[in-house]
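Using my numbering, the letters of the sequence shown map in sequence onto residues 69 to 377.
Everything on this sheet refers to the single structure shown next.
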Amino acid sequence: MNPEKPLKPISECTPCASSDSRRLFLGTAAAAVAGALTGCGKLSMDEFLQHNFRELSKAEIQHVIARLEKEYQEKYGKAVQVGVDPALQGVIFGYALDLSRCIGCRRCVHACVKENNQSREPEVQWIRVLQMDKEEGVNIHHADPYYAPDRVPEEGHFYMPVQCQQCKKPPCVKVCPVGATWQEKDGIVVVDYNWCIGCRYCMAACPYGARHFNWGEPTLPVEELNTATHYLGNRPRQKGVVEKCTFCIQRTRKGLYPACVEICPTGSRKFGNLMDPKSEIRYVLENKRVFLFKEDLNTQPKFFYFYGV
Numbered sequence: 069m070n071p072e073k074p075l076k077p078i079s080e081c082t083p084c085a086s087s088d089s090r091r092l093f094l095g096t097a098a099a100a101v102a103g104a105l106t107g108c109g110k111l112s113m114d115e116f117l118q119h120n121f122r123e124l125s126k127a128e129i130q131h132v133i134a135r136l137e138k139e140y141q142e143k144y145g146k147a148v149q150v151g152v153d154p155a156l157q158g159v160i161f162g163y164a165l166d167l168s169r170c171i172g173c174r175r176c177v178h179a180c181v182k183e184n185n186q187s188r189e190p191e192v193q194w195i196r197v198l199q200m201d202k203e204e205g206v207n208i209h210h211a212d213p214y215y216a217p218d219r220v221p222e223e224g225h226f227y228m229p230v231q232c233q234q235c236k237k238p239p240c241v242k243v244c245p246v247g248a249t250w251q252e253k254d255g256i257v258v259v260d261y262n263w264c265i266g267c268r269y270c271m272a273a274c275p276y277g278a279r280h281f282n283w284g285e286p287t288l289p290v291e292e293l294n295t296a297t298h299y300l301g302n303r304p305r306q307k308g309v310v311e312k313c314t315f316c317i318q319r320t321r322k323g324l325y326p327a328c329v330e331i332c333p334t335g336s337r338k339f340g341n342l343m344d345p346k347s348e349i350r351y352v353l354e355n356k357r358v359f360l361f362k363e364d365l366n367t368q369p370k371f372f373y374f375y376g377v
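Written as structure tokens, this is what we have:
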């Protein structure tokens with residue numbers, strides 16, 4: 069330092085960078101780190117700095133939706149609508165599956181893939197169908213998820229589809245370190261894919277194996293793209309996030325059945341509002357032999373199994 073040269077007043081000093089420039093640098097650096105950690109590839113600063121969906125204002129939601137719809141239009145060449153339908157008042161969704169009628173055809177599995185825009189190569193399936201021996205009853209340790217007979221149902225066996233149980237006390241939600249997953253007022257456990265960091269803690273915590281990690285860039289044939297989507301449901305996901313069944317939130321919040329219910333050829337699947345005493349789901353719970361999967365864990369699922377005949 070030259071002792072003969074007076075120092076400039078602070079007000080006259082040239083800043084090394086403007087506050088906007090610093091924010092740009094920090095945001096870009098943070099987005100790069102996020103991409104490296106999660107495997108999500110390149111994230112825009114806008115995507116990375118986006119607030120959790122639960123914290124967004126109406127104006128911010130519209131901005132996010134417009135950005136996503138533009139992105140999907142450019143990627144798939146189709147107009148994709150991204151909905152944000154909220155939970156309906158006085159509704160808690162419940163699901164019941166009749167083990168005495170399920171024939172193990174797996175139509176539900178493939179209808180789910182098509183409806184919810186899962187990756188096709190490799191194919192991500194949110195529903196697993198387990199084949200079990202009738203003499204043993206429900207025995208998960210001896211169940212076969214890879215059965216492939218020429219015809220189903222196979223003699224001496226029955227079938228138990230397993231998917232997200234939409235627990236009232238979801239262990240997956242408790243372990244998420246960034247609050248990317250939560251339970252909505254209608255009972256559906258959802259994921260904000262923009263906030264998921266791909267740590268897979270939720271997968272380890274789920275006792276039903278109902279969460280699935282997207283290891284590669286999702287492959288989604290344009291001709292199979294479902295263009296009616298929901299932000300918290302079936303919108304196309306990026307690489308490096310965990311996804312799961314949402315009871316087809318894009319359908320059920322519009323008064324429709326989940327795709328797996330609609331496709332079932334035997335009527336094994338029942339769905340409805342647990343708060344409505346006249347609903348089919350309530351009739352099942354009050355009049356059939358019902359049991360919960362892994363009831364001893366006290367996760368309190370809203371997915372029920374029953375024997376109709």
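Virtual Cβ for every residue (Gly too), placed ideally from N, Cα, C.
Please state whether DSSP places T249 in a helix, a strand or coil.
Note: T249 maps to strand in three-state DSSP.
Compare the Cα-Cα distances from V150 to each of E137, Y144, G162 and F161 and report the closest residue.
Minimum Cα distance to V150 is reached at E137.
Since F281 sits in a beta bridge, which residues does DSSP pair it with?
Partner(s): V310.
So who's on the other strand from R337, going by DSSP bridges?
In the DSSP output, where bridge partners are listed per residue, R337 has L165.
Go through its chain and collect everything with a Cβ distance to T314's Cβ below 7 angstroms, but skip five positions before and after it.
So the qualifying residues of the chain are I256, V258, L300 and G301.
What are the start and end residues of the beta strand (DSSP E) that includes P304?
It is not in any beta strand (DSSP E) - P304 carries neither H nor E in the DSSP assignment.
At which residues does the alpha helix (DSSP H) containing P239 begin and terminate?
Per DSSP, P239 belongs to the alpha helix (DSSP H) from P239 to V243.
How far does the alpha helix (DSSP H) with T320 in it extend, from its first residue to its last?
Its alpha helix (DSSP H) spans residues I317 to T320.
Let's test the definition: count the other Cβ atoms within 10 Å of the Cβ of E292 and tell me whether it reaches 16, buried, or not, exposed.
Per the 10 Å Cβ criterion, exposed.
What number of angstroms, rounded off, separates the C-alpha of Y214 from the C-alpha of R174?
So the alpha carbons of these two residues sit roughly 11 angstroms apart.
Name, in chain order, the residues that DSSP records as bridge partners for E191.
In DSSP, E191 forms a bridge with R188.
According to DSSP, is L124 helix, strand or coil?
Coil.
What does the alpha-carbon distance come out to for the pair K312 and E330?
Near 19 angstroms, if we compare the C-alpha coordinates of E330 and K312.
Starting from A46, trace the beta strand (DSSP E) both ways and give me its first and last residue.
For the chain, the structure presents residues 69 to 377; residue 46 sits outside this window and is missing.
Does DSSP put H225 in a helix, a strand or coil?
Strand.
Output needed for P304: all residues of its chain with C-beta closer than 7 angstroms, excluding positions within five of it in sequence on either side, in chain order.
Only Y140, N185, P286 and L288 meet the Cβ criterion.
If the criterion is Cβ atoms closer than 8 angstroms, does the pair A164 and K338 meet it?
Closer than 8 angstroms, so yes.
Identify, in the order they occur along the chain, each residue of the same chain with its Cβ nearer than 7 angstroms to the Cβ of A100, setting aside the five sequence neighbours on each side.
Below a pLDDT of 50, predicted positions are generally treated as unreliable, and A100, at 48, falls in that range; the measurement from the model is reported next regardless. Nothing listed; no residue qualifies.
With a threshold of 16 other CB atoms inside 10 Å of the CB of F161, please say whether the residue is buried or exposed.
Its Cβ being crowded by 16 or more others within 10 Å, F161 is buried.
With three or more beta-carbon pairs closer than 8 angstroms as the criterion, would you say the stretch 367-374 touches the stretch 233-245?
As far as the Cβ criterion goes, the stretch 367-374 touches the stretch 233-245, which means the pair count is three or higher.
Apart from the five residues on each side of it in sequence, which residues of its chain come closer than 8 angstroms, Cβ to Cβ, to K182?
For K182, where only same-chain residues beyond five positions count, the Cβ hits under 8 angstroms are E292, N294 and A327.
If you compare alpha carbons, which of K322, V309, G323 and E189 is closest to C264?
Closest by alpha carbon: V309.
Does N355 pass the burial test, meaning 16 or more other C-beta atoms within 10 Å, or should it be called exposed?
Exposed, because fewer than 16 other Cβ atoms sit within 10 Å of the Cβ of N355.
Compute the distance between the beta-carbons of C274 and Y227, then report whether it is under 8 angstroms.
Against a cut-off of 8 angstroms, the Cβ pair of Y227 and C274 comes out as no contact.
Helix, strand or coil for L136, going by three-state DSSP, please let me know.
Helix, per DSSP.
Just tell me which of E204, E222 and R279 has its CA closest to the CA of C240.
Out of E204, E222 and R279, R279 has the C-alpha closest to the C-alpha of C240.
Spatial neighbours of D254 within its chain, please: C-beta separation below 7 angstroms, excluding the five flanking residues on both sides.
If we look at D254 and ignore the five residues flanking it on each side, its Cβ neighbours are A155, L156, V159, I160 and F161.
Alpha carbons only, please: which of L198, G323, V377 and V290 is nearest the one belonging to N341?
Out of L198, G323, V377 and V290, G323 has the C-alpha closest to the C-alpha of N341.
Skipping 5 residues on each side, what residues in its chain have a beta carbon closer than 6 angstroms to that of S187?
Cβ neighbours of S187 beyond the five flanking positions: P286 and T287.
Please classify T334 as buried or exposed, where buried requires at least 16 other C-beta atoms within 10 Å of its C-beta.
By the 10 Å Cβ count, T334 comes out exposed.
Would you check if the distance between the CB atom of Y261 and the CB atom of Q306 is smaller than 8 angstroms?
Yes; because the gap between Cβ atoms is below 8 angstroms, this pair is in contact.
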